[in-house]
Amino acid sequence: MAKTRDRARDRAASALDALHFALDRNSPVPLYYQLAQQLEAAIEHGALAPGNLLGNEIDLSTRLGLSRPTVRQAIQSLVDKGLLVRRRGVGTQVVHSQVKRPLELSSLYDDLEAAGQGPTTQVVRNETVPAGADVAAALGLAEGAEVILLERLRCTHGQPVALLCNYLPAALLELDTARLEATGLYRMMRSAGVTLHSARQTIGARCATAEEAAQLDQKEGAALLTMQRTAYDDTGRAVEYGTHIYRASRYAFDFQLLVRS
2 MAKTRDRARD RAASALDALH FALDRNSPVP LYYQLAQQLE AAIEHGALAP GNLLGNEIDL
62 STRLGLSRPT VRQAIQSLVD KGLLVRRRGV GTQVVHSQVK RPLELSSLYD DLEAAGQGPT
122 TQVVRNETVP AGADVAAALG LAEGAEVILL ERLRCTHGQP VALLCNYLPA ALLELDTARL
182 EATGLYRMMR SAGVTLHSAR QTIGARCATA EEAAQLDQKE GAALLTMQRT AYDDTGRAVE
242 YGTHIYRASR YAFDFQLLVR S
């Protein structure tokens, strides 16, 4: 057991030795926040990889020349974000970086793949159903018209990130389950000649139901991000309506705001 702890400390030291922490003690920004931001950046950019050990608070505080409460507060803020986890007898371990998705018309699969997150997909449902009132209104169809219903569980590094529910006009394209598990929906739409042009999107938040929590490996009542989107092609036709939920600890929308003059 002692040898295992020693090896863990050695791995922790090597991971931290490769990093440079620029902590400004004269800044009004608290030291714990500076440390947390720099650790988060190192995780996001891959300098600290999933599985890397950071050691315990005493080792970290000694190595960084900070007080133990400062280090504890920095670590706790990243534990709360789901980026670090505490392991008894080992120390603090990197989990996975949070998915930061640009707020634009893009595929979650494409965004995850571009970020090196290793996306995988499990198709839960792929069937034709009659459109309910909300779906029909979003797609510009008569209520009861046939639509394709897709439910997919999207994972990164083997951990669930999102539960995606999409509706498409039944005549739009053929959706093979095996292909859906190997690539993204928007890629398949583009391959079928559907040119996506714009979307109307609403972002919100709520608590997970028991069923959703089980699918996303969360506790019932855990915070979820929600997204509702209607996508249009270059003719103005509604081609997809989606209602998606995301683990708040693993996912964020990233966008830029411009000042209107």
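Here our numbering = 1-based position in the sequence shown + 1. Glycine residues also receive a C-beta, built at the ideal position from the N, C-alpha and C atoms.
Check the Cα spacing between R155 and each of P120, N127 and P131: the tightest is with P120. In its chain, beyond the 5 residues on either side, Q35 have a beta carbon closer than 8 Å to the beta carbon of D25.
L67 and E41 have their C-alpha atoms some 18 Å from each other. Beyond the five residues adjoining it in sequence on each side, S62 comes within less than 8 Å, by CB distance, of S68, R69, T71 and V72 in the same chain, given in chain order.
Within the region 130-183, the complete alpha helix (DSSP H) runs of at least 4 residues fall at 134-140 and 178-181. As a beta-bridge residue in DSSP terms, E241 pairs with A232. Its chain contains Y33, L36 and A37 as the residues whose beta carbon lies nearer than 6 Å to that of A75, once the 5 sequence neighbours on both sides are disregarded; these appear in chain order.
Residue pairing for A200: DSSP places it in a beta bridge opposite A232. The three-state secondary structure of E213, taken from DSSP, is helix. Short of 8 Å from the beta carbon of L181, and not among the five residues preceding or following it, lie these beta carbons of its own chain, in chain order: T122, V124, N127, L151, R153 and M189.
Looking at the backbone, the Cα of L176 and that of A50 are separated by about 35 Å. Segment contact: the region 221-240 against the region 136-145, three or more CB-CB distances shorter than 8 Å; contact assigned. Excluding its 5 nearest sequence neighbours in each direction, M228 has C-beta neighbours in its own chain below 6 Å: I204 and H245, listed in chain order. Residues of the same chain with a CB within less than 7 Å of the CB of G222, apart from the 5 flanking positions on each side, are C208 and A209 in chain order. Residue state for V30 is assigned as coil, using DSSP reduced to three classes. Per DSSP, L49 lies in no beta strand (DSSP E) and is assigned neither H nor E.
Between I44 and V95, the CB-CB gap stays under 8 Å.
By alpha-carbon distance to E58, the top candidate from P29, V30, R89 and L84 is R89. A straight line joining the alpha-carbon of E147 with that of P29 spans about 59 Å.
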